[in-house]
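K.L.:
This is the structure, below, for whatever I ask next.
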Amino acid sequence: MATSEAAQSRSGKRVIVVGGGVSGLSTALKLGRAGFAVTVLERDPVEMPSSADEAFEWDRRGAPQVRHSHAFLGRLYGLLRDSEPDLLAALLDAGATEMRFGDNVPDTLEDFRPEPGDEDLVMLACRRTTFEWVLRRTALAEGNVEFRAGVAAEGFTVAPGRGEGEPPLVNGVRLADGSNLAADLVVVAAGRRSALPEWLDAIGCAPMPEAVEDTGIIYLSRFYRLRDGHDLPPRNGLIGGDLGYLKYGVFLGDNRTFSLTLATPSDDDQLRRLLSDDETFEHAARTLDVAEPYVDGRAEALTPVHVIAGLLNRRREFVVDGRPLAMGVHPVGDSVVCTNPLYGRGCTTGYWSAHLLSRAITEFPDDLEAQSLRFHALVADEIVPWYDSGVAQDAEARRVATALIAGEDPDADASDPRAFMRGVFRDGLAPALRFDPVVLRAFMRSVNLLTPPDALLKDQDVMARIFAIWNDRENRPPEPQLGPKTRAEMLDLMDAFAA
């Protein structure tokens, strides 16, 4: 079903976007504003709601991650502020709030002073469904964007007469009802479950190279709303923690909502089963230093605990040996690069990739191959390093979790450089974030994707400050506990609760 009049093109060109999530809608908005007639095809029958709370009730079977926590990082905020200020204003009007660096620094950071560049360190507190709802409403307001809900694409159509050895030229999509829809350009924004490799194989393309790494985690999330007369607890630094056997974070949302996510190692069936229970989840949250104030009775649960597994890091290569696998098609967002949702980068990189695609198309409006090559180069330069960083982080997290589940010390081998660096980050970086504004600022710029992922480690001044605090570790009190120190202690607490 279309939710706007049939899209009219100002450029004379028609674009089909497969997938109506953040990446697809971001692409539709940007290309619509560039003059293209854009049709968004969304498999799920998601009719347009009238409010953020109605949007939260969307049945997104094709995107189960909407029932989990999301972050909207500084990179995304800056792109909205600079290129779509009306969208940013609409998000704020819908109840999203700005979380500015410096507003909630730790009390221990006595010499904090604002600096130039801090204006970029702003995150948006917003539910994923609210972001999509406002984004969809803004895109449809262009007049040349239409949204067809409950319409599934199942493959590409191609132009005949291509020469031997030439990549196929995609000229539309085949729909589930057997009909075809023609286009000058197809954008695949169907998410991490996208069947893009199979669609390309079906039209005779060379195999699409793909790298896959297990994130090693299972995600458990629950949403809450503050009760009347209650406010959020004071924030004093980061609102999350990593216990090795369990990671957790509080994510602020729009309209007095927030969510809490606990992430267990994917091999820890015992902990996952326990935390899947609503009451046990709440009890465990009350043992976590940063999460406890949020579940002390000031809020009511909006959802049961939702669990999502099978989370992968995946990178697909659409350009092979200097040529795109097909012409007239571009994959964006999680269809080409997806990362561990624990790091909260997905919506930001999805919007970012749509921004980069729009840039490539604007630079080469009539050259499909040049568009693909330019887009591929931009993604490789700006987004892929975050994929590589996430894969390395997850490999280390799996190593630590495996040892802890087995009751072993992951840092027992003092000669292992991984154990050494883990100690430096535990006894150097963690306290530096509470005491040194230079380190905190550099860390938050990295978290918000405003610097390359290796920038912090390459900054000699920052690393000198971290090592100075690490070298002084014997002369100061132990760091505050973020929760039960060991997995066995957490299990004992949950057993006592169940008794």
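Numbering (full-length UniProt numbering), first residue to last: 1 to 499.
A virtual CB, placed ideally from N, CA and C, is assigned to each residue, including glycine.
1. On a Cα-Cα basis, can you pick out the residue from G322, N340, D268 that is closest to A403?
2. Just how far apart, CA to CA, sit M444 and D413?
3. Identify, in the order they occur along the chain, each residue of the same chain with its Cβ nearer than 6 Å to the Cβ of A309, setting aside the five sequence neighbours on each side.
4. Taking the alpha-carbon positions, what's the L185 to A354 distance?
5. Rounded to the nearest angstrom, what separates G74 and E300 at their Cα positions?
6. Using the Cα positions of V329 and V319, report the straight-line distance between them to the nearest angstrom.
7. To which residues of the same chain is S276 closer than 8 Å at the C-beta, ignoring the five residues directly before and after it?
8. Just to confirm, are A326 and V158 a CB contact at a threshold of 9 Å?
9. Quickly, what does DSSP pair C338 with across the bridge? List them, please.
10. Buried or exposed: where does F420 fall if 16 or more other Cβ atoms within 10 Å of its Cβ makes it buried?
11. Is H230 helix, strand or coil by DSSP?
12. For S358, tell me which candidate among G12, R14, S26 has the shortest Cα-Cα distance.
13. Can you tell me where the alpha helix (DSSP H) holding E154 begins and where it ends?
14. Rank A432, G249, S372 by C-alpha distance to the C-alpha of G317 and give the top, closest one.
15. Roughly how many whole angstroms lie between the Cα atoms of Q481 and V439?
16. Please state if the CB of C347 and the CB of A71 are separated by a distance shorter than 9 Å.
17. Given a cut-off of 9 Å on the beta-carbon distance, is the pair P331 and L311 in contact?
18. So which of L109, N475, G12, T138 has the shortest CA-CA distance to G237?
19. When the cut-off is 9 Å and only beta carbons count, does A125 lie next to chain B?
20. Quickly, what does DSSP pair A149 with across the bridge? List them, please.
21. Pair every Cβ in the region 87-95 with every Cβ in the region 127-137, then say whether three or more of these pairs are closer than 8 Å.
22. My output table needs one value for T280: the three-state DSSP class, helix, strand or coil.
23. Please say whether G19 and G333 have beta carbons closer to each other than 9 Å?
24. Sorted by chain position, which residues of the same chain lie with C-beta nearer than 7 Å to I239's C-beta, five sequence neighbours on each side aside?
25. Determine the DSSP secondary structure at H376, reduced to helix, strand or coil.
26. Any idea which residues DSSP pairs M99 with across the strands?
27. So, G21 versus G191, is the Cβ gap smaller than 9 Å?
28. Taking the alpha carbon of A139 as the point to measure from, which residue in D86, F156, L169 has its own alpha carbon closest?
29. Distance, Cα to Cα, E41 vs N180?
30. Given that a residue counts as buried once 16 or more other Cβ atoms are within 10 Å of its Cβ, and exposed if not, what is G244?
31. When the Cα of D472 is compared with those of T215, L429, T257, which residue comes out closest?
32. Please state if the CB of H376 and the CB of P324 are separated by a distance shorter than 9 Å.
33. What number of angstroms, rounded off, separates the C-alpha of T129 from the C-alpha of W58?
34. Would the beta-carbon of V384 fall within 9 Å of that of V337?
35. Quick check: the Cα distance between E479 and R67, rounded to an integer number of angstroms?
36. Quick check on Q270: buried or exposed, where buried means 16 or more other Cβ atoms within 10 Å of its Cβ?
P.N.:
Judging by the given coordinates:
1. D268
2. 31 Å
3. I218
4. 14 Å
5. 29 Å
6. 12 Å
7. L220, V305, V307
8. yes
9. R314
10. exposed
11. coil
12. S26
13. Note, E154: premise wrong, no alpha helix (DSSP H); beta strand (DSSP E) at 153-158.
14. Reading the sequence as shown, one finds Glu at residue 317 and not Gly. Out of A432, G249, S372, S372 has the C-alpha closest to the C-alpha of E317.
15. 21 Å
16. yes
17. no
18. L109
19. In the structure shown, chain B does not exist; there is a single protein chain.
20. E42
21. yes
22. helix
23. yes
24. G249, V250, V290
25. helix
26. M123
27. yes
28. D86
29. A small fix is needed here, since residue 41 is Leu in this sequence, not Glu. L41 and N180: Cα-Cα distance of roughly 12 Å.
30. buried
31. L429
32. yes
33. 8 Å
34. yes
35. 33 Å
36. exposed
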